[in-house]
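Numbering (our numbering), first residue to last: 183 to 499.
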């Protein structure tokens with residue numbers, strides 16, 4: 183079974199290569215909404231499968247509620263005019279604020295709403311079910327996607343996820359970290375009824391394993407159009423797509439991951455660095471304080487490495 187292919191499934195349009203909004207931050211720590219609008223226009227022109235807001239790279243944890251509303255309204259207005267599918271991230275570590283965000287997101291009629299589990303104290307399975315039931319009530323007819331990243335207070339395995347999700351049918355998919363062959367076997371056994379969104383640079387493996395419906399993609403941070411070409415290649419030449427994945431992983435492991443592993447930068451900093459390397463929109467590498475960002479002086483060196491390793495993604499000759 184290939185979950186990446188278009189099909190009549192609970193997750194509907196939420197499949198394939200989804201590009202994230204990255205917040206352009208000015209030197210006074212404000213959000214530059216003009217640059218954000220330009221970024222959305224570029225993503226629409228790249229004809230990605232969809233655009234989502236307020237993931238990790240969208241710095242959802244460092245916004246006011248008024249800013250949250252302004253970001254989602256801009257995204258919804260632009261995507262609706264272009265016929266572009268979009269998902270709103272209503273993520274918030276505080277459950278009360280998260281549920282408020284879900285209600286306001288639902289009013290904008292996105293194709294899905296992404297949530298995280300409350301994160302101050304790890305939830306039991308029963309508490310996770312209760313929160314997701316409340317989120318589903320707040321979302322109304324809009325399907326939910328659970329975001330359970332590797333850095334969550336509680337990372338749920340495939341069997342645990344299935345035990346929770348089968349009690350909340352409004353949750354149609356999960357964005358999560360993947361694993362080894364045993365993890366994929368467990369995912370096929372327990373999570374066949376849900377869309378799984380694996381890390382972007384592992385998407386060809388996730389598709390080959392019959393598990394991934396798509397990715398909320400860090401590769402789209404590097405190049406939205408390149409990530410789209412690569413995603414479409416997975417349906418026509420999976421072996422060529424896997425070869426690109428091997429080189430993508432080498433680029434990430436050798437050139438990007440060390441900023442997190444050795445220097446303590448956040449995943450959001452890495453995603454913004456990728457966007458600067460790709461140079462496809464005026465995002466910049468700056469994060470909102472107190473989070474540190476990576477100096478954009480690295481971008482030219484990394485751009486040359488990316489062009490050498492994955493010219494198919496970068497569009498280089």
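Each residue gets a CB set at the ideal place from its N, CA and C atoms; glycine is no exception.
Reduced DSSP secondary structure (H/G/I, E/B, other) of residue i
i           : result
residue 254 : helix
residue 200 : strand
residue 357 : strand
residue 347 : helix
residue 296 : strand
residue 236 : coil
residue 488 : helix
residue 476 : coil
residue 328 : strand
residue 378 : strand
residue 230 : coil
residue 337 : coil
residue 435 : helix
residue 442 : helix
residue 462 : coil
residue 373 : coil
residue 493 : helix
residue 352 : coil
residue 259 : helix
residue 245 : coil
residue 366 : helix
residue 291 : coil
residue 481 : helix
residue 301 : coil
Residue i and residue j closer than 7 Å at C-beta
i           : j           : result
residue 235 : residue 256 : no
residue 230 : residue 199 : yes
residue 269 : residue 240 : no
residue 420 : residue 373 : no
residue 322 : residue 272 : no
residue 488 : residue 496 : yes
residue 492 : residue 442 : no
residue 352 : residue 329 : no
residue 450 : residue 238 : yes
residue 310 : residue 346 : yes
residue 314 : residue 350 : yes
residue 320 : residue 279 : no
residue 386 : residue 427 : yes
residue 468 : residue 475 : yes
residue 211 : residue 471 : yes
residue 359 : residue 332 : yes
residue 197 : residue 397 : no
residue 201 : residue 407 : no
Cβ neighbour criterion (16 or more within 10 Å) applied to residue i
i           : result
residue 206 : buried
residue 399 : buried
residue 445 : exposed
residue 454 : buried
residue 477 : exposed
residue 459 : buried
residue 357 : buried
residue 384 : buried
residue 245 : buried
residue 291 : exposed
residue 483 : exposed
residue 490 : exposed
residue 344 : buried
residue 363 : exposed
residue 499 : Residue placement at residue 499 cannot be trusted, given a pLDDT of 42 that sits under 50; what the coordinates show is reported in the next sentence. Residue 499 comes out exposed.
residue 389 : buried
residue 308 : exposed
The ligand NAD heavy atom lying under 6 Å from the CB of residue i
i           : result
residue 493 : With respect to the ligand NAD, the structure shown offers nothing to examine, as it has no ligands at all.
- Query: Can you give, in chain order, each stretch of the alpha helix (DSSP H) that sits fully within the segment 264-288 and has at least 4 residues?
  - Reply: 277-288
- Task: Flag this pair as touching only if the segment 249-268 and the segment 297-314 have three or more C-beta atom pairs under 8 Å; answer yes or no.
- Result: no
- Query: Can at least three beta-carbon pairs, one atom from the segment 426-446 and one from the segment 187-195, be found at a separation below 8 Å?
  - Reply: In short, these stretches do not touch, since the Cβ pair count stays below three.
- On the three-pair Cβ rule with 8 Å, is the segment 407-422 touching the segment 362-380? no
- Task: Counting only runs of 4+ residues fully inside the segment 385-433, write out the alpha helix (DSSP H) ranges in chain order.
- Result: Annotation: the segment 385-433 contains the following complete segments of the alpha helix (DSSP H) (minimum length 4 residues), in chain order: 385-390, 400-404, 406-418, 420-433.
- Task: Entirely within the segment 184-228 and at least 4 residues each: give me those alpha helix (DSSP H) ranges in chain order.
- Result: 215-227
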